[in-house]
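S.K.:
There are 2 protein chains.
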Amino acid sequence: MLDMAILGILHEAPMHGYELRKQLALKIGAMRAAISYGSLYPTLRRLQASGWITEAGESLPDDELVPPLTSRRGRVVYKITAEGKERFEELLAQTGPESYDDPGFGVHFAFFARTDTEIRLRILEGRRRKVEERREGLRDVLARAAERVDAYTLELQRHGLDAAEREVRWLEELIANERSGRPPAQRAYQPGDPGTETSAAQPGHEDDPPGQTPRRQ
Amino acid sequence: MLDMAILGILHEAPMHGYELRKQLALKIGAMRAAISYGSLYPTLRRLQASGWITEAGESLPDDELVPPLTSRRGRVVYKITAEGKERFEELLAQTGPESYDDPGFGVHFAFFARTDTEIRLRILEGRRRKVEERREGLRDVLARAAERVDAYTLELQRHGLDAAEREVRWLEELIANERSGRPPAQRAYQPGDPGTETSAAQPGHEDDPPGQTPRRQ
DNA sequence: CACTCGATGTATCGGGCCGATACATCTGTA
DNA sequence: TACAGATGTATCGGCCCGATACATCGAGTG
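Residue numbers (the working numbering), protein chains in the order written: chain A, 122 to 338; chain B, 122 to 338.
Laid out in structure tokens, this is it:
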């Protein structure tokens, strides 16, 4: 799942690990907690070994022509490869059960702007089905369990049920929107990204957050 | 975290793995998905090695006096030990950051009926603080990011923000209830468990779900 | 000017937990 | 009788996390 998220972020611009993690937090931080370095760096290594990303060796500040005086190790900038882009497309189109659970759905949803409408619908419906099942389970338990469990456990289940019902309604709305042709939400819509084309690879566009220092090349 | 959940369940009655998993799902299934056997059995092993639980070797059906004809391996019933009960009390009283994140909070909350009011309040407030931080983060991003991210990412963040706000309100309510002396929710309250005593070790009481076959002893 | 502090930055290690898988038993039911 | 589905125990590879270590850099502060 991390693979998809990282490839998706690097698809928009080359980046080093630290910055990558921050962008990741912005993108999928609404669903799952920020990913840890203990996951990030091994995953980068794996992606590199698979040939999906490469090190784009950062050009050190110009005055550093005398290379490693104090074992200088600068930032490592990663860059997606052509195979990586293919792999990302493949992951985007994937609609298994792992696309419906919490972390998987969050990542998929975060990249919905690059996903085909058809796939979007399939994922939204799969997620809905999953949350509905959870909701039904909680309803059963609550209906049957009032005399068996303590009030706190009951309250926890009630809260869980509420969250599930709410998410189903949210998904219904999204699905309806999707079917009616106007993909995202109507409130606060933003022009400038007119559509669903999946291969927009202009490198280094305006997405650079302020305070960063992207190098030339 | 699993340790606490398992000890808590076994505190109420001895049980074998399969059944344990089902009870676990009932107890904490509202927060986290059902725990897998790939976690359960190794954890049971670990708990046993630590001396917190023991195998209570199931008394096979009476007619089975000829033991292992076909390499018969019956169900393994686990039972909490005195040290295990101590350990459980210790875990109940623990209020670190790990009690505030999603899985940890869920487990703690599920056993609030066995937790001191003081600890309950500390955990609820810690959780609130954590969710508030998350909420603030999402608000900042949403306020600043409308021009930077696509509509889907925006929608995901809006949904996350909504969930966070809702949980904070829920926690406020619980905290207010807690402070005002009447611990759990007022709706659907159930007598029969009158209070907050932390050492109620009557083994095998009425908590046995129907359809199960608890053995004598 | 020296010092410190917090942000930036890369990386490893042990361990918890999961999904997939395997295999055996028991209980209906066609 | 045979088959399906629930019950039941168990392992294995692998993802991911928290803790930890270490190094650099800019901004204050005394």
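Even for Gly, the Cβ is constructed at its ideal location relative to N, Cα and C.
#1: Could you name each continuous beta strand (DSSP E) segment of 3 residues or more that falls completely within the segment 185-273 of chain B, going from the start of the chain to the end?
#2: Measuring CB to CB, does Arg196(A) end up less than 9 Å from His137(A)?
#3: Kindly list, in the order they appear in chain B, the residues whose Cβ is closer than 8 Å to that of Tyr221(A).
#4: By Cβ distance below 6 Å, which residues in the same chain neighbour Arg214(A) in space, the five residues on each side in sequence not counted?
#5: Kindly indicate which three-state DSSP category Ile296(A) falls into: helix, strand or coil?
#6: Measuring straight from C-alpha to C-alpha, what distance separates Leu275(A) and Glu219(A)?
#7: Given a cut-off of 9 Å, decide if Leu242(B) and Ile296(B) are closer than it, judged by their beta-carbon atoms.
#8: Pull up the CB-CB distance for Ala285(A) and Leu259(A), whole angstroms please, since I reckon it's below 8 Å.
#9: From Arg153(B) to Asp222(B), what distance separates their C-alpha atoms?
#10: Taking the beta carbon of Pro135(B) as the centre, do at least 16 other beta carbons fall within 10 Å, making it buried, or is it exposed?
#11: Are the segment 138-158 of chain B and the segment 249-259 of chain B in contact at 8 Å, needing three or more beta carbon pairs?
#12: What distance in whole Å lies between the Cβ atoms of Gly205(A) and Leu123(A), which are believed to be in contact at a cut-off of 8 Å?
#13: Any idea which residues DSSP pairs Glu176(A) with across the strands?
#14: Would a C-beta distance cut-off of 9 Å place Ala126(B) and Val228(B) closer than the cut-off?
#15: What are the partner residues of Met136(B), as DSSP defines its beta bridges?
#16: Less than 9 Å separating the beta-carbons of Glu216(B) and Gly172(B)?
#17: So, with DSSP's three-state summary, where would you put Gly302(A)?
#18: Which of the three DSSP states is assigned to Arg343(B) in this structure?
#19: Kindly say whether Lys143(A), judged by its beta-carbon, lies nearer than 9 Å to any beta-carbon of chain B.
#20: Under a CB-based cut-off of 9 Å, is Met136(A) close to chain B?
#21: Can you tell me the Cα-Cα spacing of Arg279(A) and Val262(A), whole angstroms?
#22: At the level of alpha carbons, what is the spacing between Gly159(B) and Arg167(B)?
#23: Would you mind giving the Cβ-Cβ distance between Leu420(B) and Leu292(B), rounded to the nearest angstrom? I have them listed as a contact below 8 Å.
#24: What residues in its chain sit with their C-beta under 6 Å from that of Ala177(B), if we drop five residues either side in the sequence?
#25: Distance, Cα to Cα, Leu145(A) vs Ala155(A)?
#26: Applying a beta-carbon distance threshold of less than 7 Å, which residues of chain B neighbour Val197(A)?
#27: Quick one: measure Cβ to Cβ for Leu131(B) and Ile174(B), integer angstroms, because I've assumed they're closer than 8 Å.
#28: Using 9 Å as the limit for Cβ to Cβ distance, is Thr191(B) near chain A?
#29: Taking its Cβ as the centre, do 16 or more other Cβ atoms sit within 10 Å of Gly302(A), making it buried, or is it exposed?
#30: Helix, strand or coil for Ala285(A), going by three-state DSSP, please let me know.
#31: Can you confirm whether Met152(B), when its beta carbon is compared against all beta carbons of chain A, has any partner nearer than 9 Å?
#32: What residues from chain A crowd round Leu161(B), counting only those whose CB sits closer than 7 Å?
#33: Using the beta-carbon of each residue, which ones in chain B are nearer than 9 Å to Leu259(A)?
#34: Taking C-alpha atoms, which residue in Val289(B), Thr164(B), Ala170(B) and Ser157(B) lies nearest to Arg249(B)?
#35: Please say whether Phe226(B) and Tyr273(A) have beta carbons closer to each other than 9 Å?
M.R.: Per the coordinate set shown:
#1: 198-201
#2: Along the first sequence, one-based indexing puts residue 196(A) at 75. Along the first sequence, one-based indexing puts residue 137(A) at 16. Result yes, Cβ atoms of Arg196(A) and His137(A) sit closer than 9 Å.
#3: On the first sequence, position 100 is the one that residue 221(A) refers to. Going along chain B, no residue has its Cβ under 8 Å from Tyr221(A), so there is no contact; the nearest lies around 12 Å.
#4: Here residue 214(A) corresponds to residue number 93 of the first sequence, with the count starting at 1. The identity of residue 214(A) in the sequence shown is Ala, whereas the question assumes Arg. Here the set comprises Ile240.
#5: Along the first sequence, one-based indexing puts residue 296(A) at 175. In this structure, Ile296(A) counts as helix in the three-state DSSP scheme.
#6: The count along the first sequence starts at 1 and reaches residue 275(A) at position 154. The count along the first sequence starts at 1 and reaches residue 219(A) at position 98. Taking the straight line from one Cα to the other gives about 29 Å.
#7: Numbered from its first residue, the second sequence carries residue 296(B) at position 175. Numbered from its first residue, the second sequence carries residue 242(B) at position 121. Taking 9 Å as the Cβ cut-off, Ile296(B) and Leu242(B) qualify as a contacting pair.
#8: As a first step, residue 285(A) must be located in the first sequence, where it is residue number 164. As a first step, residue 259(A) must be located in the first sequence, where it is residue number 138. 6 Å between Cβ atoms; contact.
#9: Indexing the second sequence from 1 puts residue 153(B) at position 32. Indexing the second sequence from 1 puts residue 222(B) at position 101. Looking at the two C-alpha atoms, the distance is approximately 11 Å.
#10: Counting from 1 along the second sequence, the entry for residue 135(B) is found at position 14. Per the 10 Å Cβ criterion, buried.
#11: no
#12: Sequence index remark: in the first sequence, residue 123(A) carries index 2 (1-based). Sequence index remark: in the first sequence, residue 205(A) carries index 84 (1-based). With 8 Å as the limit, Leu123(A) and Gly205(A) do not qualify as a contact, their Cβ atoms being about 14 Å apart.
#13: Reading the first sequence from its first residue, position 55 is the one you call residue 176(A). Per DSSP, Tyr199(A).
#14: In the second sequence, the residue the question calls residue 126(B) occupies position 5. In the second sequence, the residue the question calls residue 228(B) occupies position 107. Going by C-beta atoms, Ala126(B) is nearer than 9 Å to Val228(B).
#15: Locating residue 136(B) in the second sequence gives position 15, counting from the first residue. Paired residue(s): Tyr199(B).
#16: As a first step, residue 216(B) is located in the second sequence; it is residue number 95 there, counting from the start. As a first step, residue 172(B) is located in the second sequence; it is residue number 51 there, counting from the start. Residue identity check: residue 216(B) is Thr in the sequence provided, not Glu. It is not a contact, given that the beta carbons lie outside the stated cut-off.
#17: Mapped onto the first sequence, residue 302(A) falls at position 181. Coil at Gly302(A), not helix or strand.
#18: No answer is possible for residue 343(B): the residues shown for chain B start at 122 and end at 338.
#19: Here residue 143(A) corresponds to residue number 22 of the first sequence, with the count starting at 1. False, the Cβ-Cβ gap to chain B never drops below 9 Å.
#20: As a first step, residue 136(A) is located in the first sequence; it is residue number 15 there, counting from the start. It does not: the Cβ of Met136(A) has no partner Cβ on chain B nearer than 9 Å.
#21: In the first sequence, residue 279(A) corresponds to position 158, counting from 1. In the first sequence, residue 262(A) corresponds to position 141, counting from 1. The straight-line gap from Cα to Cα measures roughly 10 Å.
#22: For the purposes of this step, residue 159(B) is taken as residue 38 along the second sequence, with counting starting at 1. For the purposes of this step, residue 167(B) is taken as residue 46 along the second sequence, with counting starting at 1. Distance between the alpha carbons of Gly159(B) and Arg167(B) is about 13 Å.
#23: Residue coverage of chain B in this structure runs from 122 to 338, which leaves residue 420(B) outside it and unanswerable.
#24: Taking the second sequence and counting its residues from 1, the one referred to as residue 177(B) is at position 56. Closer than 6 Å at the Cβ level, and outside the excluded window around Ala177(B), lie Pro135, Val198 and Lys200.
#25: Residue numbering aside, residue 145(A) sits at position 24 when the first sequence is read from its first letter. Residue numbering aside, residue 155(A) sits at position 34 when the first sequence is read from its first letter. So the two alpha carbons sit approximately 7 Å from each other.
#26: In the first sequence, residue 197(A) corresponds to position 76, counting from 1. Result: empty, since nearest Cβ-Cβ is about 25 Å, beyond 7 Å.
#27: Within the second sequence, residue 131(B) is the residue found at index 10, counting from 1. Within the second sequence, residue 174(B) is the residue found at index 53, counting from 1. With a Cβ gap of about 6 Å, Leu131(B) and Ile174(B) count as contacting.
#28: Here residue 191(B) refers to the residue found at position 70 when the second sequence is read from its first residue. Summary for Thr191(B): the model assigns pLDDT 41, below 50, so the residue's position carries little reliability; its value from the coordinates is reported in the next sentence. Not an interface residue.
#29: Translated into positions along the first sequence, residue 302(A) becomes position 181. By the 10 Å Cβ count, Gly302(A) comes out exposed.
#30: Position 164 of the first sequence, counted from the start, is the residue given in the question as residue 285(A). If DSSP states are grouped into helix, strand and coil, Ala285(A) belongs with the helices.
#31: To locate residue 152(B), count along the second sequence from 1; it is residue 31. Chain A, which has a Cβ nearer than 9 Å to the Cβ of Met152(B), makes this yes.
#32: As a first step, residue 161(B) must be located in the second sequence, where it is residue number 40. Result: empty, since nearest Cβ-Cβ is about 19 Å, beyond 7 Å.
#33: Translated into the one-based positions of the first sequence, residue 259(A) becomes position 138. What Leu259(A) touches in chain B: Gly150 and Ala151.
#34: Within the second sequence, residue 249(B) is the residue found at index 128, counting from 1. Among Val289(B), Thr164(B), Ala170(B) and Ser157(B), the Cα nearest to that of Arg249(B) is on Val289(B).
#35: To locate residue 273(A), count along the first sequence from 1; it is residue 152. To locate residue 226(B), count along the second sequence from 1; it is residue 105. Taking 9 Å as the Cβ cut-off, Tyr273(A) and Phe226(B) do not qualify as a contacting pair.
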